[in-house]
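Protein chains in written order, with this note's numbering: chain A, 1 to 307; chain B, 1 to 329.
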Amino acid sequence: MLRYAFWRLVQAAVAVFGVMTIVFVIMRLAGDPTLLLVPEGATREHIEALRHELGFDRPILVQYAAYLADVLRLDFGNSVVQRQPAMAILMSRLPYTLELALGALAFALLLGLPAGVAMAVWRGTAVERLLAAVVLTGQSMPTFLSGILLILVFGVILGWLPTSGSGTWSALILPAFALGALSMATFARMARIAVVDELSQDYVRAARARGLSQGAVVVRHVLRNAAVPVVTIAALEIGNLLAGAVIVETVFAWPGIGQLAIQSIQSRDFVVVQVVVLFVSAVYVGMSLLADVAYAWLDPRIRLTPA
Amino acid sequence: MTDALLRVEDLGVTIGGAPVVDGVSFAMRKGEVLALVGESGCGKSLTALALLRLLPPAARLAGGRVLLDGTDLAALPDRAMRRLRGQALSIIFQEPTASLDPLTTVGSQVMEAWRAHNAGGAAQARRAARDMLDAVGIPDAEKRLDQYPFELSGGMCQRIMIAIALICGPSLLVADEPTTALDVTIQAQILDLMRRLVAERGAGVLIITHDMGVVADIADRVAVMYAGRIVEVAPVTDLFAAPRHPYTAMLLASVPRLDVVPKAVLATIEGSVPAPEAFGSGCRFAGRCPLAVARCTAETPPLNEVAPGRLAACWRSAEASTLLSGAAA
């Protein structure tokens, strides 16, 4: 198990390294970054001086090595617009994104998993059809639409919840709901598939043959087996929630990383865009690592087998 | 039969309306080993599952009675049926490894079977499970309890399944192809074990198999199934010596033997089992039967007593054993 986790960690490191390299290549392919930084009407000497100062006149491999060294020290340079370290800007936004992602995750898990299990257990009944309609709505409604509808209904018409902002519990509810809807649908569908699949296994019939009720078989055996694939999906969904809140954060004026990404792109603050891209990639890699380790831990066939 | 254990009367199972098990009737005495034999798809496993009311979702029980110690299982409410499963009657399956939850230790699965029908704490359940593992010949039972199914061989897993099936002392054990997935040497051990345990406990065994070797090894009596119906019932030695149904005779003739010339062409039964939609009104074996006459395709032969203790469903039952040589096939 430890050996497995170690190798998975090495793979994750390779993936992060790959992302760093791709980001570097794309930035250089996009042209000389110096031109983005100088004010309009700058003289050729001025540009050359800045290029030399920033090191963009060095050979590309030397620049690459320097870039890697900086990234490993978590030094991503200063924001072109805000004149402060890009990392500090990212960290100032991170708590908001975490809060939103956790809220959305809680909503998605608490609603999606029971819905999926119920759809599998009561397959072919009215229960499944009703839940399938709810899940389909969550899955098919784009967040720019559901977000605005939620604001309209609960914020404007009913006046129960604030339409934007952050910092209070009530402000979290609507954006978490909008962001979590797709994940909720994903969890419900995955849980349904996993449980249906497990219910057809021989061990389910054998457990019923021992005199267990269908409910006891589901609780004691099926859920645990079905959890193995669902945990993997859940970890990847956490990545989506952390990284994919761009639209929701924009609609609800939520000051998280998604909003930072949009603002930085609009102001051509490539240093901040780069740190956001690297952060999002690291989150994805980290979550898929977590998924694999959790998968191994849940399954004794992997956990107990010496590599 | 005064010491009757199980009496199945006119049992039917349908899949999508097709009668895949049709009018099956048989009876078993206490402590008896009855083999239900037939080729794949003849309905023998569905018959076994129907007894426990564990049919797959697509299959429906279509009438009949299943009297176990006088109680009609087919008519019981679900909850009452559940209380009998594992306690009055148990089943073991073909794939022992797949029949165990891969993520739960074998010990907790054995204990679960005990606790489903006994009031008692975890310590008591564990003691019962350990004793049962000892009884099915698993060495180092205390340690095995904490192992997972993947850590045990197929033969060991089948011993676990037998332990689970017998831990509450059922009066009937249904064994659905219990040795098919196992090596030949392990097969013999498992059959020995089953025979010994049920003899000690006085339980009856209904063993489902397509393997005539297993039948000869363990059964007291045999019921032969073809295309959803029972075609012959006989004590095992009588059946092997002089079958009274052409299908049985040809089935026996197709078994490879050690005492005939090697490389001789193995006898086969020409044709294939008709699909349930094409059963027609007569004998379902008529299309493949060398003895078939006009009456066979027109009228279904009833399962009649053809000799003391012997039943056969064939209009030409008396001539069936002439096919035993395999020459006609």
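Beta carbons: idealized from backbone N, C-alpha and C, even for Gly.
Fair warning: this is a prediction, and the values are worked out from it, not measured in the lab.
Within 9 angstroms of any Cβ in chain B, is that where the Cβ of residue 201/A sits? Within the first sequence, residue 201/A is the residue found at index 201, counting from 1. Yes, residue 201/A lies at the interface with chain B (some Cβ there is under 9 angstroms from its Cβ).
Can you list, in chain order, the residues of its chain with a C-beta nearer than 7 angstroms to that of residue 247/B? Leave out the 5 residues immediately preceding and following it. As a first step, residue 247/B must be located in the second sequence, where it is residue number 247. Correct list, in chain order: 224, 226, 231 and 285.
CA-CA distance, residue 172/A and residue 109/A? Locating residue 172/A in the first sequence gives position 172, where the first residue counts as 1. Locating residue 109/A in the first sequence gives position 109, where the first residue counts as 1. The alpha-carbon atoms of residue 172/A and residue 109/A are separated by roughly 16 angstroms.
Can at least three beta-carbon pairs, one atom from the stretch 290-307 of chain B and one from the stretch 29-46 of chain B, be found at a separation below 8 angstroms? Output reads no: the stretch 29-46 of chain B does not touch the stretch 290-307 of chain B.
My guess is that residue 212/B and residue 252/B are in contact by the Cβ rule of under 8 angstroms, so how many angstroms apart are they, rounded? Residue 212/B sits at position 212 when you count from the first residue of the second sequence. Residue 252/B sits at position 252 when you count from the first residue of the second sequence. Between residue 252/B and residue 212/B the Cβ distance is about 7 angstroms, and since that is below 8 angstroms, they are a contact.
Expressed to the nearest angstrom, what Euclidean distance is found between the alpha-carbon atoms of residue 113/B and residue 123/A? Walking along the second sequence from the start, residue 113/B turns up at place 113. Walking along the first sequence from the start, residue 123/A turns up at place 123. The straight-line gap from Cα to Cα measures roughly 27 angstroms.
Which whole-angstrom value is the C-beta distance of residue 246/A and residue 258/A, which I expect to be below 8 angstroms? To locate residue 246/A, count along the first sequence from 1; it is residue 246. To locate residue 258/A, count along the first sequence from 1; it is residue 258. Residue 246/A to residue 258/A, Cβ: 4 angstroms. Contact.
Does the Cβ of residue 327/B have 16 or more other Cβ atoms within 10 Å, making it buried, or fewer, making it exposed? Along the second sequence, read from residue 1 onward, the residue named residue 327/B stands at position 327. Because the pLDDT of residue 327/B is 46, which lies under 50, any placement of that residue in the model is unreliable, and the number read from its coordinates should be weighed accordingly. Exposed is the call here.
Give me the Cα-Cα distance between residue 329/B and residue 44/B, rounded to the nearest whole angstrom. If you number the second sequence from 1, residue 329/B lands on position 329. If you number the second sequence from 1, residue 44/B lands on position 44. Because the pLDDT at residue 329/B is just 39, under 50, the model does not fix this residue reliably, and the point stays unresolved.
Taking residue 226/B as part of the beta strand (DSSP E), name the residues at either end of that continuous run. The residue you call residue 226/B lines up with position 226 of the second sequence. That run of the beta strand (DSSP E) goes 221-226.
In chain order, each alpha helix (DSSP H) run of at least 4 residues that lies wholly inside the stretch 245-288 of chain B: Those alpha helix (DSSP H) runs which fall completely within the stretch 245-288 of chain B and span 4+ residues are 246-253.
Residue 191/A and residue 127/A: beta carbons closer than 9 angstroms? To locate residue 191/A, count along the first sequence from 1; it is residue 191. To locate residue 127/A, count along the first sequence from 1; it is residue 127. For the 9 angstroms CB-CB criterion, residue 191/A and residue 127/A do not form a contact.
Whole-angstrom C-beta distance between residue 239/A and residue 184/A, which should lie under 8 angstroms: On the first sequence, residue 184/A is found 184 positions in, with the first residue counted as 1. On the first sequence, residue 239/A is found 239 positions in, with the first residue counted as 1. Taking a contact as a CB-CB distance under 8 angstroms, the pair residue 184/A and residue 239/A does not count as one, their CB atoms being some 16 angstroms apart.
Have a look at the DSSP bridge pairing and note the partners of residue 327/A. The structure shown does not extend to residue 327/A, since chain A is modelled only from 1 through 307, so no value can be given for it.
Can you tell me where the beta strand (DSSP E) holding residue 14/B begins and where it ends? Locating residue 14/B in the second sequence gives position 14, where the first residue counts as 1. Annotation for residue 14/B: the continuous beta strand (DSSP E) segment containing it runs 4-15.
According to DSSP, what are the bridge partners of residue 335/B? Not covered by the structure: residue 335/B. The range shown for chain B is 1 to 329.
DSSP three-state assignment for residue 311/B, whether helix, strand or coil: If you number the second sequence from 1, residue 311/B lands on position 311. Residue 311/B falls in the strand class under three-state DSSP.
In the DSSP assignment, the beta strand (DSSP E) including residue 205/B goes from what residue to what residue? On the second sequence, position 205 is the one that residue 205/B refers to. Annotation: the continuous beta strand (DSSP E) that includes residue 205/B extends over 204-209.
With distances taken Cα to Cα, identify the nearest neighbour of residue 224/A among 3/A, 76/A, 64/A and 299/A. For the purposes of this step, residue 224/A is taken as the residue at position 224 of the first sequence. Selected option, being the one with the closest Cα: 299/A.
Grab the span of the alpha helix (DSSP H) containing residue 325/B for me, first residue to last. By one-based count along the second sequence, residue 325/B stands at place 325. Unbroken run through residue 325/B: none, as it is neither H nor E.
Please specify which runs of the alpha helix (DSSP H), each continuous and at least 4 residues long, are wholly inside the stretch 102-128 of chain B, giving them in chain order. For the alpha helix (DSSP H) assignment, the uninterrupted runs of no fewer than 4 residues enclosed by the stretch 102-128 of chain B are, from N- to C-terminal side, 106-115.
Residue range of the unbroken alpha helix (DSSP H) whose run includes residue 175/B: For the purposes of this step, residue 175/B is taken as the residue at position 175 of the second sequence. Premise fails: residue 175/B lies in the beta strand (DSSP E), 172-176, not in any alpha helix (DSSP H).
Could you tell me whether the Cβ atoms of residue 13/B and residue 61/B are closer together than 9 angstroms? Reading the second sequence from its first residue, position 13 is the one you call residue 13/B. Reading the second sequence from its first residue, position 61 is the one you call residue 61/B. By the CB criterion at 9 angstroms, residue 13/B and residue 61/B fall inside the cutoff.
According to DSSP, residue 60/B sits in a beta bridge with which residue or residues? Working through the second sequence from its first residue, we reach residue 60/B at position 60. Per DSSP, 14/B.
Taking Cβ positions only, does residue 192/A come closer than 9 angstroms to chain B? Position 192 of the first sequence, counted from the start, is the residue given in the question as residue 192/A. Cβ-Cβ to chain B under 9 angstroms: no for residue 192/A.
Give me the subset of the stretch 77-109 of chain B whose CB atoms are less than 7 angstroms from a CB atom of chain A, sorted by chain position. Here the close residues are 82, 83, 85, 86, 87, 90, 91, 93, 95, 98, 99, 100, 101, 102, 103 and 104.
In the DSSP assignment, the alpha helix (DSSP H) including residue 248/A goes from what residue to what residue? The sequence position of residue 248/A within the first sequence is 248, counting from 1. 246-251 is the extent of the alpha helix (DSSP H) around residue 248/A.
Using CA atoms only, rank isn't needed, just tell me which of 297/A, 67/A and 293/A is closest to residue 10/A. Position 10 of the first sequence holds residue 10/A. Closest by alpha carbon: 293/A.
For the stretch 107-131 of chain A, enumerate the residues whose C-beta is nearer than 8 angstroms to any C-beta of chain B, in chain order. So nothing in the stretch comes that close.
Between the CA atoms of residue 277/A and residue 262/A - distance to the nearest angstrom: The count along the first sequence starts at 1 and reaches residue 262/A at position 262. The count along the first sequence starts at 1 and reaches residue 277/A at position 277. In this structure, the alpha-carbon of residue 262/A lies about 12 angstroms from that of residue 277/A.
Under a CB-based cut-off of 9 angstroms, is residue 328/B close to chain A? Translated into positions along the second sequence, residue 328/B becomes position 328. Here the model assigns residue 328/B a pLDDT of 41, short of 50, so the residue's position is not dependable and the matter cannot be decided.
At the level of alpha carbons, what is the spacing between residue 205/B and residue 202/A? Along the second sequence, one-based indexing puts residue 205/B at 205. Along the first sequence, one-based indexing puts residue 202/A at 202. Counting only the Cα atoms, residue 202/A lies some 21 angstroms from residue 205/B.
Suppose you measure from the CA of residue 51/B to the CA of residue 320/B; what does that come to, to the nearest Å? As a position in the second sequence, residue 51/B is number 51, starting the count at 1. As a position in the second sequence, residue 320/B is number 320, starting the count at 1. Spanning the two alpha carbons is a distance of roughly 31 angstroms.
Classify residue 52/A: buried if its beta carbon has 16 or more other beta carbons within 10 angstroms, exposed otherwise. Locating residue 52/A in the first sequence gives position 52, where the first residue counts as 1. Burial call: exposed.
Give a yes or no on whether the minimum CB-CB distance between residue 68/B and chain A is below 9 angstroms. On the second sequence, residue 68/B is found 68 positions in, with the first residue counted as 1. Taking CB atoms only, residue 68/B has no neighbour in chain A less than 9 angstroms away.
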